[in-house]
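Down below is the structure, laid out as structure tokens.
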Amino acid sequence: MPIYEYECTQCGRVEEVMQHFSEKPLKTCRKCSGKLHKLISRSSFHLKGNGWYVTDYAGKSGADTAAQSDNKKKSDTGSPPDSSPKKKETKSDT
19 MPIYEYECTQ
29 CGRVEEVMQH
39 FSEKPLKTCR
49 KCSGKLHKLI
59 SRSSFHLKGN
69 GWYVTDYAGK
79 SGADTAAQSD
89 NKKKSDTGSP
99 PDSSPKKKET
109 KSDT
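In terms of the numbering used here, the sequence shown is residues 19 to 112.
And the structure:
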């Protein structure tokens, strides 16, 4: 059941009311009997988990992400790094 917010035009009181979709909107303030109007409020609905917009494409386009992963794969498949220790060359004074 959705929660609707109403604001009184006379006293400024804001009230949250749980109503069915089929119920008519409230018209009078319970405190001062002033006229109420319905407020538009933000939804608290949030998708969580893998595969949703927030984790996959927020801030980057899909094409950019794919191109970056291709570049990373190409750089990872290059020759393995040389693991042998390198000798330092020093100048002798003789």
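A virtual CB, placed ideally from N, CA and C, is assigned to each residue, including glycine.
Here the structure is a predicted model, which means the values were calculated and not measured.
- In the structure shown, M19 adopts coil according to DSSP, grouped into three states.
- E23 and H55 have their alpha carbons spaced roughly 9 Å apart.
- If you draw a straight line from the Cα of T46 to the Cα of H64, it comes to about 33 Å.
- Nearest to C50 by alpha-carbon distance, out of P43, Q37, G30, is G30.
- Residue pairing by DSSP leaves K66 without any beta bridge partner.
- In its chain, beyond the 5 residues on either side, C26, T27, Q28, C29, T46 have a beta carbon closer than 8 Å to the beta carbon of G52.
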